[in-house]
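Contents: one structure, followed by commentary.
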Amino acid sequence: MALPPPGGHTGNDVTREDIFKEINILLELNHPNIIYLREYFEEANRAYLITEHLAGGELLDAVLAAGHYSEADARQAFRQLLQGVQYLHSKGYTHRDLKLENLLLSRPGDLSALKIADFGLAKDHVDAPLSTVCGTPQYVAPEVILRGRARTGSRGAPYGMQCDLWSAGVILFILLGGYPPFYDESEPRLFNKIRAARFAFDDPVWDKISDEAKDLVCKLLVVDPEARLTADQALAHAWLQQPPPGPAAPKTQLLATMSRMRASMKQRSWRPGQPLEEDGPQDSLASTAEDPAQQRENYLARQIIEEERESARAGA
0 MALPPPGGHT
10 GNDVTREDIF
20 KEINILLELN
30 HPNIIYLREY
40 FEEANRAYLI
50 TEHLAGGELL
60 DAVLAAGHYS
70 EADARQAFRQ
80 LLQGVQYLHS
90 KGYTHRDLKL
100 ENLLLSRPGD
110 LSALKIADFG
120 LAKDHVDAPL
130 STVCGTPQYV
140 APEVILRGRA
150 RTGSRGAPYG
160 MQCDLWSAGV
170 ILFILLGGYP
180 PFYDESEPRL
190 FNKIRAARFA
200 FDDPVWDKIS
210 DEAKDLVCKL
220 LVVDPEARLT
230 ADQALAHAWL
240 QQPPPGPAAP
250 KTQLLATMSR
260 MRASMKQRSW
270 RPGQPLEEDG
280 PQDSLASTAE
290 DPAQQRENYL
300 ARQIIEEERE
310 SARAGA
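Next comes the structure, spelled out in structure tokens:
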């Protein structure tokens, strides 16, 4: 990658300091569920990072390519995500941008080889509380939003590593339901829904999901970070303690979930320093009371249309 000059930044607002911060964090980490940086070197204002080869691509793409998917598969993937987060937090770091796009597989189709990647927004949370507003809108925790738009005129309170567990809860919701728990075309209204933890298991796709899985989602998507499960507590949850089914055991296929996943949207991440959109009078919590089922269908329809447009452009 190209290195910007000291004090400068790349086209997507990444500074030279950001790049070396990510490199230094990765050099400290060594865990089966975190991408491994073998070495790096600089040459002519470029940095070359040599990581382990992850031939499996993104988790979501692998699930869709396989053509079959069960709650046990979701549990296997999510357990590895939490193991990586548990290790990361034990080393004093918060990822701050956990999302499906940052979950990769070592081998094609092998859900037992999951790796967390992209540590560009990771930060040491030991020396000082976290204060920068960053992340990806649909995955961002309420306390991060509040940090960015305190109504008193001053900045909101700093936040901590529990923001990663909120993002993990969003990921689990998508792994089970195939669509995000919070959605709105208006970013301010989206943030209001997140701040109120306004989500529901009202889609028929959830009829095939166990109560234990839904319970874990509810205990992760808790507004108060102090009441939210930690990585240790989540790993001890009853749903994740279930042994993997034997090869001959029947698995309920989550075909509806896979269908919803195909319409999944990839969002940009905020870089530090990018402002949150402010909410106007029309963006109060009361304005988010529209039919959630209709909102969900609108969301999925728009993503399918965009997917078709991208396919058409690729074939042109």
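Numbering (numbering that gives the first Met the number 0), first residue to last: 0 to 315.
The C-beta atom is built at its ideal place from N, Cα and C for all residues, glycine as well.
Residues near residue i in its chain [Cβ-Cβ closer than 6 Å; skip 5 each side]
i: S166; result: L97 and Y138
i: R259; result: G177 and Y178
i: K213; result: F200
i: Q79; result: N32 and L113
i: R227; result: Q161, L164 and V221
i: G279; result: Confidence at G279 is low in this model, with a pLDDT of 41, below 50, so the placement of that residue is unreliable and no value is reported for it.
i: P224; result: E142 and Q161
i: Q241; result: none
Environment of residue i [buried if 16+ CB atoms lie within 10 Å]
i: L113; result: buried
i: I49; result: exposed
i: G108; result: exposed
i: D183; result: buried
i: D163; result: buried
i: G66; result: exposed
i: A140; result: buried
i: H52; result: exposed
i: R37; result: exposed
i: Y158; result: buried
i: A73; result: buried
i: E21; result: buried
i: A121; result: buried
Option nearest residue i by Cα separation, candidates the options
i: D17; options: T135, D123 and K207; result: D123
i: R106; options: S69, R74, H67 and D60; result: D60
i: Y39; options: F181, A212 and L25; result: L25
i: L253; options: L36, S69 and L53; result: S69
i: N44; options: N32, Y35 and F19; result: F19
i: A195; options: F181, T256 and F118; result: F181
i: F118; options: I33, Q241, V216 and E225; result: I33
i: N191; options: A73, H88, A64 and V143; result: V143
i: R197; options: V216, R95 and Y86; result: V216
i: A255; options: P203, A54, P224 and Y86; result: P203
i: G83; options: A116, G55 and V62; result: A116
Own chain partners of residue i with C-beta closer than 7 Å, once the 5 adjacent residues on each side are dropped
i: Q75; result: L110, S111 and P243
i: N29; result: Y35
i: Y47; result: Y39 and F40
i: E27; result: K90
i: E211; result: A237 and W238
The ligand ZN heavy atom lying under 8 Å from the CB of residue i
i: P203; result: Absent from the structure shown: the ligand ZN. Ligands present: none.
Cβ of residue i within 9 Å of any chain B Cβ
i: R259; result: Of the chains in the structure shown, none is chain B; there is only one protein chain.
Same chain only: Cβ atoms within 8 Å of residue i, ignoring 5 sequence neighbours per side
i: L81; result: A167, A230, A233, L234 and L239
i: E57; result: L99, E100, L102, L103 and L104
i: E42; result: none
i: G55; result: A61, L103, L104, S105, R106, P107, G108, D109 and A112
i: Y86; result: L28, H30, N32 and I33
i: F77; result: A167, I170, L171, L174 and L239
Counting pairs of Cβ atoms below 8 Å between the segment 224–236 and the segment 192–208, do you hit three or more? no
Which runs of the beta strand (DSSP E), 3 residues or longer, sit entirely within the segment 221–247? List check, beta strand (DSSP E) in window: nothing returned.
What are the start and end residues of each continuous beta strand (DSSP E) run of 3 or more residues lying completely inside the segment 54–117, in chain order? 102–104 and 113–115
Does the structure place the segment 216–229 close enough to the segment 169–179 that three or more beta carbon pairs sit under 8 Å? yes
Pick out the complete alpha helix (DSSP H) segments inside the segment 135–191, 4 residues or longer, and give them in chain order. 141–147 and 162–176
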